[in-house]
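Visitor: Chains as they are written, first to last, in the numbering used here: chain F, 521 to 839; chain B, 521 to 839.
Written as structure tokens, this is what we have:
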């Protein structure tokens with residue numbers, strides 16, 4: 521399917537059926553896709569991307585829903601991409617999705633897409649980013665990536681966002697202490713949700729002291745910690761205000777362009793490495809690896825020599 | 521430094537200074553290394569590898585220490601590689617290391633190496649695995665990988681282990697529900713540590729029901745859930761028994777060979793992909809990417825076309 525005029529028109533009119541079809545097309549990825557992706561990419565550029573990430577159970581969906589309600593009240597259009605690599609496992613996402621659809625998903629200005637897979641995480645984040653291009657081409661004012669903070673995947677997605685919000689709960693105490701550097705470094709600000717629970721203030725304190733240890737001195741942006749009870753809509757407006765404040769900061773200082781250049785470098789690198797991986801592991805070399813691996817176990821050949829042989833083959837024989 | 525006879529002799533005598541030097545050499549990786557790695561690799565093959573992973577604060581170090589004490593009581597030798605990508609951030613590992621060194625690290629039959637870095641996680645797991653080859657060549661009976669379960673890194677390391685133990689705490693309730701599939705799939709058995717705390721039994725129940733949903737029908741191995749209070753040495757002997765039971769199971773069914781072939785395939789793939797990445801992103805192409813990225817932001821070129829140009833350049837110009 522290429523982008524004929526009629527499809528384009530419907531896409532720009534935010535026809536949800538056309539959007540869904542295009543995203544599915546992008547997801548299934550069948551070779552001729554990159555021409556389609558190209559077409560779609562060139563028609564975007566106007567959406568503002570917000571990443572909302574954090575541990576499972578932090579209330580990211582609830583917060584996303586409330587933020588979306590505020591945005592549509594202001595006449596904005598919102599596309600949501602919810603990525604949960606854990607969901608096929610627990611089945612949690614499906615239930616959440618149904619609640620969400622009735623709450624905001626039926627509104628004409630809101631499009632929601634859930635993505636979940638047991639398979640390769642790298643692939644999942646690539647698809648999510650490609651899907652956001654479709655929403656961008658459709659002209660959504662805001663694209664919200666909602667991702668479960670469990671691995672590399674959501675870090676990759678966060679790295680395509682203009683503003684990244686990390687959502688925690690008071691009980692995250694231990695995890696905050698030991699929180700992986702990656703999650704700390706991507707946060708433009710933090711939200712401690714469910715802050716009507718005990719320990720909220722001390723979670724904020726713990727977070728503050730970690731932030732002070734890691735202050736990025738080369739930025740004028742002050743990383744705040746907000747407290748919310750998203751399920752009761754407490755503090756959600758302040759979260760939106762903070763997002764818009766950050767947006768304004770990025771736009772006024774030229775940091776938005778800078779960040780998008782950085783994000784796109786990461787994106788291109790991921791596309792390249794993914795492509796190299798696909799080319800490298802063709803059937804012949806997969807078979808060669810399978811045949812030789814027992815010799816590695818028997819210490820007849822080292823993994824380094826075997827790796828070298830494989831690379832040599834790729835370079836001389838090619839795809 | 522190549523492996524001369526004297527060095528080899530000292531390595532086999534488990535001279536800790538020589539081991540440390542070799543691991544450092546492997547860590548710093550300066551080109552001529554793969555010949556050294558090759559040499560080291562071919563001299564190993566006798567160690568049994570145990571992976572101990574789980575969320576921060578689950579008590580993995582305490583459990584590892586207690587298990588090590590039991591093993592040295594039985595006259596075994598133990599090499600420990602503790603990988604914590606979060607530690608440079610919190611400083612936690614350093615304190616833990618000091619306690620550990622006085623507890624077991626001074627014993628002649630125990631060697632401990634901590635690895636932590638803010639940098640690339642992929643690199644970290646590669647180094648950890650390479651380091652384990654040094655311990656294997658030195659002839660340690662057991663190599664324990666202790667890794668914080670926060671990302672791809674510890675999954676990679678787990679995939680080089682013969683037996684993988686996933687350690688949780690009763691409070692992991694929410695996280696158990698939403699636990700990423702990866703962590704569930706690598707566990708040969710589970711330990712719920714700190715099980716004198718409330719909620720331990722219900723954590724076990726929750727885990728059991730998840731396990732039932734995900735039963736791997738093609739394996740005769742029954743995944744157990746053990747409860748421990750490692751700090752009081754409760755249940756630790758049972759953990760060791762379970763490890764040895766799993767080892768015996770793997771050896772008797774031929775599954776050990778099978779698992780090691782699989783693990784080595786993954787290892788070789790990682791080496792190949794790492795090498796391709798290094799070759800791909802030479803100075804020229806990094807610069808080209810940096811120059812072109814603003815055009816991607818301006819939608820003059822798509823990330824897909826730019827990626828294609830870069831791959832084309834790699835293939836025609838090479839390194």
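For every residue, glycine included, the Cβ atom is placed at its ideal position computed from N, Cα and C.
First and last residue of the beta strand (DSSP E) that includes residue 523(F)?
Guide: By 1-based counting over the first chain, the position of residue 523(F) is 3. No beta strand (DSSP E) contains residue 523(F), which DSSP labels as neither H nor E.
Visitor: Could you name the residues that DSSP lists as bridge partners for residue 662(F)?
Guide: Walking along the first chain from the start, residue 662(F) turns up at place 142. Beta-bridge partners of residue 662(F) (DSSP): 568(F), 598(F).
Visitor: Would you decide whether residue 540(F) is buried or exposed? Buried here means 16 or more other CB atoms lie within 10 Å of its CB.
Guide: Mapped onto the first chain, residue 540(F) falls at position 20. Answer is exposed; the Cβ neighbour count stays below 16.
Visitor: When Cβ atoms are compared, which residues of the stretch 748 to 779 of chain B fall closer than 7 Å to chain C?
Guide: Annotation note: the requested chain C is absent from the structure, which comprises protein chains F and B.
Visitor: Between residue 822(F) and chain B, is the shortest Cβ-Cβ distance under 9 Å, so that the two count as touching?
Guide: In the first chain, the residue the question calls residue 822(F) occupies position 302. Output row for residue 822(F): interface = yes.
Visitor: Hey, which unbroken runs of the alpha helix (DSSP H) at 4 residues or more fall wholly within the stretch 713 to 787 of chain F?
Guide: 720 to 733, 756 to 773
Visitor: Does the beta-carbon of residue 747(F) have 16 or more other beta-carbons within 10 angstroms, so that it is buried, or is it exposed?
Guide: Residue mapping note: residue 747(F) aligns to position 227 of the first chain, counting from 1. Buried is the call here.
Visitor: Compare the C-alpha of residue 594(F) against each of 565(F), 570(F), 630(F) and name the closest.
Guide: On the first chain, residue 594(F) is found 74 positions in, with the first residue counted as 1. The option with the nearest alpha carbon to residue 594(F) is 630(F).
Visitor: Would you decide whether residue 667(B) is buried or exposed? Buried here means 16 or more other CB atoms lie within 10 Å of its CB.
Guide: As a first step, residue 667(B) must be located in the second chain, where it is residue number 147. Per the 10 Å Cβ criterion, buried.
Visitor: Is the beta carbon of residue 626(B) sitting closer than 9 Å to the one on residue 756(B)?
Guide: Here residue 626(B) refers to the residue found at position 106 of the second chain. Here residue 756(B) refers to the residue found at position 236 of the second chain. Against a cut-off of 9 Å, the Cβ pair of residue 756(B) and residue 626(B) comes out as no contact.
Visitor: Drop a sphere of 10 angstroms on the beta-carbon of residue 647(F), count the other beta-carbons inside from all chains shown, and report buried for 16 or more, exposed for fewer.
Guide: By one-based count along the first chain, residue 647(F) stands at place 127. It counts as buried.
Visitor: Just the chain B side, please: which residues come within less than 8 Å of residue 561(F) by C-beta, in chain order?
Guide: Sequence index remark: in the first chain, residue 561(F) carries index 41 (1-based). By Cβ distance, chain B contributes 819, 822, 823, 824.
Visitor: Listing by chain order, which chain F residues have their CB less than 7 Å from the CB of residue 791(B)?
Guide: For the purposes of this step, residue 791(B) is identified with residue 271 of the second chain, where counting begins at 1. Within 7 Å Cβ-Cβ: 823, 824, 827.
Visitor: Can you check which of these residues, 786(B), 791(B), 534(B), is closest to residue 659(B) by C-alpha distance?
Guide: Working through the second chain from its first residue, we reach residue 659(B) at position 139. Nearest option by C-alpha distance: 534(B).
Visitor: Is DSSP giving residue 633(F) helix, strand or coil here?
Guide: Taking the first chain and counting its residues from 1, the one referred to as residue 633(F) is at position 113. Three-state result, residue 633(F): strand.
Visitor: Out of 812(F), 578(F), 709(F), 645(F), which has the shortest C-alpha to C-alpha gap to residue 790(F)?
Guide: Within the first chain, the letter at position 270 stands for residue 790(F). Closest by alpha carbon: 645(F).
Visitor: At the 9 Å Cβ level, is residue 660(F) part of the contact set with chain B, yes or no?
Guide: By one-based count along the first chain, residue 660(F) stands at place 140. The Cβ of residue 660(F) sits no closer than 9 Å to any Cβ of chain B.
Visitor: Have a look at the DSSP bridge pairing and note the partners of residue 709(B).
Guide: Your numbering for residue 709(B) matches position 189 in the second chain. Residue 709(B) is bridged to 685(B).
Visitor: Can you give me the C-alpha to C-alpha distance between residue 698(F) and residue 689(B), rounded to a whole angstrom?
Guide: Start at 1 with the first residue of the first chain, and residue 698(F) comes out as number 178. Start at 1 with the first residue of the second chain, and residue 689(B) comes out as number 169. With a pLDDT of only 47 at residue 698(F), under the threshold of 50, the placement of this residue in the model should not be trusted; the figure read from the coordinates follows. It is roughly 15 Å from the alpha-carbon of residue 698(F) to the alpha-carbon of residue 689(B).
Visitor: Look at the Cβ atom of residue 571(B), then the Cβ atom of residue 684(B), and state whether they are nearer than 9 Å.
Guide: Stepping through the second chain from its first residue, residue 571(B) is reached at position 51. Stepping through the second chain from its first residue, residue 684(B) is reached at position 164. Between residue 571(B) and residue 684(B), the CB-CB gap stays under 9 Å.
Visitor: Quick one: measure Cβ to Cβ for residue 711(F) and residue 687(F), integer angstroms, because I've assumed they're closer than 8 Å.
Guide: One-based indexing of the first chain puts residue 711(F) at position 191. One-based indexing of the first chain puts residue 687(F) at position 167. Contact flag correct, Cβ pair sits at about 5 Å.
Visitor: Report the rounded CA-to-CA distance for residue 821(B) versus residue 799(F), giving the unit in angstroms.
Guide: Taking the first residue of the second chain as 1, we reach residue 821(B) at position 301. Taking the first residue of the first chain as 1, we reach residue 799(F) at position 279. Between residue 821(B) and residue 799(F), the C-alpha separation is close to 23 Å.
Visitor: In the DSSP assignment, the alpha helix (DSSP H) including residue 825(B) goes from what residue to what residue?
Guide: Sequence index remark: in the second chain, residue 825(B) carries index 305 (1-based). First-last of the alpha helix (DSSP H) with residue 825(B): 823 to 837.
Visitor: Below 8 Å, can you find three or more Cβ-Cβ pairs linking the stretch 771 to 789 of chain F to the stretch 808 to 815 of chain B?
Guide: Taking 8 Å as the limit for Cβ pairs, the verdict is that the stretch 808 to 815 of chain B does touch the stretch 771 to 789 of chain F.
Visitor: Less than 6 Å between C-beta atoms, sequence neighbours within five positions excluded: which residues of the same chain meet that for residue 774(B)?
Guide: Translated into the one-based positions of the second chain, residue 774(B) becomes position 254. For residue 774(B), where only same-chain residues beyond five positions count, there are no Cβ hits under 6 Å.
Visitor: When DSSP labels each residue in this structure, what does residue 625(F) get in the three-state scheme?
Guide: Looking up residue 625(F) in the first chain gives position 105. In this structure, residue 625(F) counts as helix in the three-state DSSP scheme.
Visitor: When the distance is taken between beta carbons, is residue 827(B) closer than 9 Å to residue 705(F)?
Guide: The sequence position of residue 705(F) within the first chain is 185, counting from 1. The sequence position of residue 827(B) within the second chain is 307, counting from 1. No, Cβ-Cβ distance for residue 705(F) and residue 827(B) is not below 9 Å.
Visitor: Alpha carbon to alpha carbon, what distance is there between residue 604(B) and residue 525(F)?
Guide: For the purposes of this step, residue 525(F) is identified with residue 5 of the first chain, where counting begins at 1. For the purposes of this step, residue 604(B) is identified with residue 84 of the second chain, where counting begins at 1. C-alpha separation (whole angstroms): 53 Å.
Visitor: Here's a check: name, in chain order, each residue in its chain whose Cβ is nearer than 7 Å to the Cβ of residue 762(F), leaving out the five neighbours to either side.
Guide: The residue you call residue 762(F) lines up with position 242 of the first chain. Take residue 762(F), set aside five residues on each side of it, and the residues of its chain with a beta-carbon closer than 7 Å to its own are 709, 744, 746, in chain order.
Visitor: Classify residue 584(F) as helix, strand or coil using the three-state DSSP reduction.
Guide: Mapped onto the first chain, residue 584(F) falls at position 64. Residue 584(F) falls in the helix class under three-state DSSP.
Visitor: Over the uninterrupted alpha helix (DSSP H) stretch that includes residue 811(B), give me the two end residues.
Guide: Here residue 811(B) refers to the residue found at position 291 when the second chain is read from its first residue. Counting along the chain, the alpha helix (DSSP H) containing residue 811(B) begins and ends at 803 to 817.
Visitor: Tell me whether residue 548(B) sits in a helix, a strand or coil according to DSSP, three-state version.
Guide: The residue given as residue 548(B) occupies position 28 in the second chain. Note: residue 548(B) maps to helix in three-state DSSP.
Visitor: For a contact defined as C-beta to C-beta under 8 Å, what are the partners of residue 558(B) on chain F?
Guide: In the second chain, the residue the question calls residue 558(B) occupies position 38. In chain order: 822, 824, 825.
Visitor: For a cutoff of 9 Å on Cβ pairs, would you count residue 837(F) as touching chain B?
Guide: The residue labelled residue 837(F) in the question sits at position 317 within the first chain. Not a single CB atom of chain B sits nearer than 9 Å to the CB of residue 837(F).
Visitor: Out of 829(F), 788(F), 797(F), state which residue places its alpha-carbon closest to the alpha-carbon of residue 808(F).
Guide: The residue labelled residue 808(F) in the question sits at position 288 within the first chain. Out of 829(F), 788(F), 797(F), 829(F) has the C-alpha closest to the C-alpha of residue 808(F).
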